[in-house]
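Data block below; observations after.
Protein chains: 2
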Amino acid sequence: METKRGGFTLPGEAGYEKLTLELCRKWGADCIRDSDGTTLSDEIISSGIPIYSTLCMVRSVNEYAKAHPEHLQRNFLMSDPVMAEGDTAEIFPLKKYFREQITVCPDDDVKEFWEVWDRTAGVLVPADSWEWDPERECVTVSGCAPYHLYTVSFLCCRIWEEISMYNHITNGWGDREHLMAVEPRYPEVQKVLLSFLDEWCTSHPATKVVRFTSMFYNFTWIWGADERERTIYTDWGSYDFSVNPVSLREFEREYGYRMTAEDFINNGKRCATHNPPTKKYRDWMEFTGKFVREFGRKCVDIVHSHGKLAYVFYDDTWIGVEPWGEHFEDFGFDGLIKCVFNAFEARLCAGAKVGTHELRLHPYLFPTGLRGEPTFAPGGHPEADARRYWACVRRALLRVKIDRIGLGGYISLVEPFPEFCGEVERIADEFRTLRALHEAGAPWSTGIRVAVLQSWGSLRTWNCSGHMHEHPELPLNHIYEAMAGQPFEVRALSFSEVAERGVPGDIDVIINAGREGDAWSGGEAWDDARLLEAISTFCARGGGVIGVGEPSARRGGFRHFRMGDMMGVDRETGETICFEKYRYEIRPHFITEETKSAPRFHNHTAGVYALGADTDVLLDGEDGIVAAAKRYGKGRGVYLSGFTYGSENARLLYRAILWAAEKEELADVYMTDSAEFECAYYPASGKLVIINNAPQAGRVTVKTPRGDVTAEIAGEGVAII
Amino acid sequence: METKRGGFTLPGEAGYEKLTLELCRKWGADCIRDSDGTTLSDEIISSGIPIYSTLCMVRSVNEYAKAHPEHLQRNFLMSDPVMAEGDTAEIFPLKKYFREQITVCPDDDVKEFWEVWDRTAGVLVPADSWEWDPERECVTVSGCAPYHLYTVSFLCCRIWEEISMYNHITNGWGDREHLMAVEPRYPEVQKVLLSFLDEWCTSHPATKVVRFTSMFYNFTWIWGADERERTIYTDWGSYDFSVNPVSLREFEREYGYRMTAEDFINNGKRCATHNPPTKKYRDWMEFTGKFVREFGRKCVDIVHSHGKLAYVFYDDTWIGVEPWGEHFEDFGFDGLIKCVFNAFEARLCAGAKVGTHELRLHPYLFPTGLRGEPTFAPGGHPEADARRYWACVRRALLRVKIDRIGLGGYISLVEPFPEFCGEVERIADEFRTLRALHEAGAPWSTGIRVAVLQSWGSLRTWNCSGHMHEHPELPLNHIYEAMAGQPFEVRALSFSEVAERGVPGDIDVIINAGREGDAWSGGEAWDDARLLEAISTFCARGGGVIGVGEPSARRGGFRHFRMGDMMGVDRETGETICFEKYRYEIRPHFITEETKSAPRFHNHTAGVYALGADTDVLLDGEDGIVAAAKRYGKGRGVYLSGFTYGSENARLLYRAILWAAEKEELADVYMTDSAEFECAYYPASGKLVIINNAPQAGRVTVKTPRGDVTAEIAGEGVAII
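For the record, the sequence lines run as chains A and B. In my numbering, each residue's number is its place in the first sequence (first place is 1) plus 1293. In my numbering, each residue's number is its place in the second sequence (first place is 1) plus 1293.
The structure is reproduced here in structure tokens:
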């Protein structure tokens, strides 16, 4: 395997110039970046190597923020419920929140924005029945119904930007200044930010790439006062932080109605990305997305006017920047950088319509990892971490082209870890080799076009909300991870577009994977009969339908799993316990031909039963069916009771998709004889790349149209033949 | 313990006169009965011992039934769904059913009663778009939407009475005539039945008690054509079999609207007792119940006019005869006989407003038991079975008075089992001893009044639908079983009566135990805000609330468990995964003081979490909280994630009820030091009765106001001190 330069971004660090430049050579880096907490010295900047500079604008004007607390970002929060013992109730809405993050802006008109709800009766309390005492930070509600529970929804003002807060507290930064996020909806703030950016560009002539981190609104992250509930709420995708007096009023002018506190508070459950959005919430997202793009474009234009490139980091302050969103190109970004733990994140990055696709690999060059385990610290094995993360992400790189990789953090930390430096050198070479194969021509693919059917459509392609480790319970995260390394073309379709326009003609297989009522399963989207009609028609005419977990689950219809007749199963929710269930026997099947034992899905759905003799039950357990298949008209349906990513399960899914697409013959094409190995064939180069995803070495045989190919591959290694 | 005569009903059998009379003496029987399959000889009838005769009227006039198939009973059934490949679909609605049970009556107007549904779109197909071909037994639907699923709902005619069918097939009765159930709504049938009954009474002068089995409509029991789905549907409480052309038309005249097939078919899910009833279905029950009572009263009057007593057997053909129904007394029955597997069935019987309460004990004198295991056959141990069943039922008899017990079946079978005969002698003596204690005066009770909150109110007190062994998954069945042996006064309240009138002033503790959406948890009953308001008020003012499983679960409110704030917990359904859950520690508590290890509830609900610091979490497991408690205003709430009856779990529930009622001090009153033992104190007699519910002997100490009492008690034995 040949080593080349390029496609690698290295974090530099003042005081470690020699190391920086040495590793720059060793790893073939063609770019040096700063990181949160590091600066670049003049020696590095003037080394002639292009410089990436990170910039999070909304927390970059702290002097202005301190002088203008009324221009800080806001969002709606709800108090804990308080029971009215008599006809009044006192509620201290801020009580449960972390006061270093949350306060109330005295300038806000509480009667305009706040709401008091009687949660027992489910009714809004008239505004003249309560008063806010800013001194006591107390809302007094009068005319209460005794023993009812009352809550206050209030517009809070956030006085510590969340990423600054997290890094500060986690790393014990002591007296270091708390950064605050300003609200760019205020024209004064926009002026300040644009002028800051322009001056910044002028004062950083060596910077070739401005890497935005990211735009203006962080994912929602609310902290609690109680250590036992430190993180009250975290949602990678929610638009809560874009709420403020200006936007609420402007929205009303534009859409003709006012978004109220309850539109965000939603009975205390908020509007998480994992739940189907309301029409109002979608309006709010559209409204906010448009603003982020328009003001974001102004920022990008300034960067361009200085002859620099504008990249965006898909992380943290990324609301409205969704790379698969319909209007992402409008920003005019030159590149997208995605930090990756998993293969599906690499597919997310690779598919975005932008010039340069870059991955930020793990481990970060920090002393400790995500869960506090040692990385670049005594006891750490960063070389093993790097190899493991790379093996995980590499699966996707067999299928799609990525332009660049890189690292982040403190380069100084790697010095005592020469094995890590060697590992990264190997990884960088392997990356460039794969990239070169893609550049020569696309790899062989099954040609099967898979659509994931969910509430958000293309906006949330190749991810649910955030990373796998945040919500490993979601089967769709695992389905994405499995497919990320497989030769399928994957896109997302929303329930509403399918209901309105039917399944597009170029889709072979539809996957619906979620839990009853969630955004991934669909919930009330299934009340629109056109949706089931469209899916049934698609399937009956020859399409494949795969349901996972509680797909299409919705109470009140003919089946609890609305797609049940296609999959041959339904779930016992307690409503049909008087029906005896069909007594099936397990049948051998193409899908389970390589399955050694019933897969363990950690998110298995209990109580799934067969609809009748036409259902092929493939796998089951004590508490119901695990896998089933059925023919439906000219099409096919498959059911899996859950899904956990792993080699064997990924293979099971691969075969399920082949079967659903009626492409069983492809099971003999570029298929490894062991699920731990995967491969890709690049016709233009005539090369077969085989990867070993397991830590132990092994022997593998690949079926190809020109006969079997056999190789011995080291643990997490690769063979190119 | 003294032996007395009386309170015992013995099954006699022609040809075994000596044995019959001998056992009559041995067991102290004061009555001889016939059974299904046995007759009494003249020698027995003229022995001077009073005779019970069993009578199931609707299947007693088979000659008439054969001559008048148009007067057989009907009900609605649904075909399997059929996909329309083109614009027509052919559906054979009878195909999936057992044709010896199900047919179609040619006299019925199919267009008046039948319905064809497009289940994909959820719409009714106009009657002029389909035709029934009785020759082919096929419905042809035209104008179909391609690929939609269609079903036919049809009025079937049942040609084999279900109990006759079951006994016939199970016992291999070969050529024996199939009995058919006539429909008493037809005036002609009423005339035939009343005249039959009158003649029967005349021709049976020795009969002292006519035991109706029971009235006119069997519980719903639908059989399938496929051996792998032999029993398609069984519901002990549903009113399906009271549907027929006459009743449908009469209902329309009376209520002003027509009940359609879909009102019973309900999207193919039918209207099982375990689901919350619709208003229409309740109307139908009221309408049918009134008829059953009115025509039943006529039958009872005939029996009385012959100087005989009328008892009713609560089993099989019992629809409309609910003993806790508001109007049960209107029948004018002299006695109620309940076959009992479990203690809660004894409480159900004891509480009915009727003169005589009699229990039919198990085992029945049949060669084999319910699951085909040998009873009075080689390998059987009927004496052990009798002891086990008795120990199970006896718990209830410590708390409430039962007037009579008895057996059923073939007395001839007991001859080779002298140990059984001895065991029954002992049981009969024990029964009479307990009865005498009750007659002297009621036992000590906690005085705590518990209300079970569910959809049906008093109609279904002390049971859900049928026996424990039919639906052991229901936590409420197990809660009933535990409470049946405990010194509480138990009644049932419906959601609607509580919503309308609040919790009655004489209730101390409310229990809601069920699964999301079922009749026991409440489902949409919780959409009526008055319900939560009433329960909250009750609790805040000092009442106790116990939730089990998925109590008060309803999507779309402030809490998924609507009573969550009282219990301190809620359930993660996937809707709130972005909220971090409060990190509790297990706290010691009065309720769990005697709990040795986390109880295993076989119907445990996963994913239950604590709402905050005010929640006392008492027990938990890997997948969530198992038991929790919370103070709420002046009241208290308790949560259990499920419930399985067993000694330790029963004790846990006992303590939970004491705590919820704020009666912790009663834990030291008539409490045994081991959960396997229970006791009752009878102040009027000054007697303490201690029972050992376990099969092994043991030593027990009982705390009493006059000091500790200790006893050694044999396995399943009793001590009276």
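Heads up, the beta-carbon is just placed ideally off N, CA and C, and yes, glycines get one too.
Legend entry - Secondary structure, beta strand (DSSP E): runs of 3+ residues fully inside the segment 1427-1455 of chain A: 1431-1435 and 1442-1451
Legend entry - Nearest candidate by alpha-carbon position, reference B:Val1614, set B:Cys1642, B:Ala1636, B:Ser1598 and B:Phe1634: B:Cys1642
Inset, instruction - Please state if the CB of A:Tyr1443 and the CB of A:Ala1382 are separated by a distance shorter than 7 Å. - result: yes
Inset, instruction - Express the C-alpha separation of A:Phe1872 and B:Glu1763 in angstroms, rounding to a whole number. - result: 12 Å
Inset, instruction - Excluding the 5 residues preceding and the 5 following B:Leu1430 in the sequence, name in chain order all residues of the same chain whose CB lies nearer than 7 Å to its CB. - result: In the sequence on display, residue 1430 of chain B carries Glu and not Leu. Contacts found: Phe1385 and Leu1387.
Legend entry - Within-7 Å CB hit, A:Ser1829 to chain B: yes
Inset, instruction - Give a yes or no on whether the C-beta atoms belonging to A:Arg1352 and A:Leu1472 are separated by under 7 Å. - result: yes
Inset, instruction - Can you grab the Cα-Cα spacing for the pair B:Gly1300 / B:Ile1698, in whole Å? - result: 6 Å
Inset, instruction - Along the alpha helix (DSSP H) that carries B:Arg2037, what are the first and last residues, could you check? - result: No statement about residue 2037 of chain B is possible, as the shown extent of chain B runs from 1294 to 2014 and does not include it.
Inset, instruction - Would you identify the three-state DSSP class for A:His1771, choosing helix, strand or coil? - result: helix
Legend entry - DSSP-derived helix/strand/coil call for B:Trp1819: helix
Inset, instruction - Could you tell me whether the Cβ atoms of A:Cys1324 and A:Tyr1345 are closer together than 7 Å? - result: yes
Inset, instruction - Measure the Cβ-Cβ separation of B:Thr1965 and B:Val1982 and say whether it is below 7 Å. - result: no
Legend entry - Where B:His1764 meets chain A, residues with beta-carbon distance less than 9 Å: Ile1870 and Cys1871
Legend entry - Whole beta strand (DSSP E) elements within the segment 1888-1934 of chain A, 3-residue minimum: 1901-1903, 1909-1914, 1917-1925 and 1928-1933
Legend entry - B:Ser1339 (DSSP reduced to helix, strand or coil): coil
Legend entry - Beta-carbon spacing of A:Gly1930, A:His1897 below 7 Å: no
Legend entry - Beta-carbon neighbours of A:Ala1499, restricted to chain B and to distances below 8 Å: By Cβ distance, chain B contributes nothing, its closest Cβ being about 41 Å from A:Ala1499, past 8 Å.
Legend entry - Simplified DSSP assignment, three categories, for B:Phe2052: Nothing in the structure corresponds to residue 2052 of chain B, since chain B is present only between 1294 and 2014.
Legend entry - Local Cβ density within 10 Å of B:Arg1244, reported as buried at 16 or more and exposed below that: An answer regarding residue 1244 of chain B cannot be provided, because it is not within the stretch 1294 to 2014 covered by chain B.
Inset, instruction - Step through the CB atoms of chain A and report whether any lies within less than 7 Å of the CB of B:Gly1436. - result: no
Inset, instruction - Give the DSSP-derived three-state secondary structure of A:Met1508 in the structure shown. - result: coil
Inset, instruction - Kindly indicate if chain A contains any beta-carbon less than 7 Å away from that of B:Glu1414. - result: The question names Glu, but residue 1414 of chain B in the sequence shown is Ala. Answer yes: the Cβ-Cβ gap between B:Ala1414 and chain A drops below 7 Å somewhere.
Legend entry - Contact with chain A by B:Lys1562, beta-carbon distance below 7 Å: yes
Inset, instruction - Step through the CB atoms of chain A and report whether any lies within less than 7 Å of the CB of B:Glu1295. - result: Confidence at B:Glu1295 is low in this model, with a pLDDT of 45, below 50, so the placement of that residue should be treated as unreliable; the coordinate-derived value is given next. No, B:Glu1295 does not count as interfacial toward chain A.
Inset, instruction - Taking A:Phe1669 and A:Phe1369 to be in contact with their CB atoms under 8 Å, please state how far apart those CB atoms are, rounded to whole angstroms. - result: Rounded, the Cβ-Cβ distance is 40 Å, inconsistent with contact.
Inset, instruction - Look up B:Asn1368 in the DSSP assignment and say whether it is helix, strand or coil. - result: strand
Inset, instruction - Just list the alpha helix (DSSP H) runs in the segment 1621-1655 of chain A, keeping only unbroken ones of 4 residues or longer that don't cross its boundaries, in chain order. - result: 1636-1643
Inset, instruction - Taking A:Phe1588 as the reference, give the member of A:Trp1683, A:Pro1374, A:Val1485 and A:Tyr1682 with the closest Cα. - result: A:Val1485
Inset, instruction - Take B:Ala1903 and list the residues in its own chain whose beta-carbon comes closer than 8 Å to its own, dropping the five residues that flank it on each side. - result: Gly1861, Val1862, Lys1874, Tyr1875, Tyr1877, Val1910, Ile1918 and Ala1921
Inset, instruction - Return the residues of the segment 1881-1912 of chain A that lie within a Cβ-Cβ distance of less than 8 Å from chain B, sorted by chain order. - result: Gly1905 and Ala1906
Inset, instruction - Could you check if B:Thr1513 is buried or exposed, using at least 16 other CB atoms within 10 Å of its CB as the buried criterion? - result: buried
Inset, instruction - Measure the Cβ-Cβ separation of A:Ala1639 and A:Ala1689 and say whether it is below 7 Å. - result: yes
Inset, instruction - Report yes or no: do three or more beta-carbon pairs, one from the segment 1786-1800 of chain A and one from the segment 1745-1753 of chain A, lie closer than 8 Å? - result: yes
Legend entry - chain A contact residues for B:Glu1826, given Cβ-Cβ distances below 9 Å: Thr1413, Ala1414, Ala1438, Tyr1440 and His1441
Inset, instruction - Using a cut-off of 9 Å between C-beta atoms, extract the partners of A:Ala1267 located in chain B. - result: Because chain A spans 1294 through 2014 in this model, residue 1267 of chain A falls outside it and cannot be assessed.
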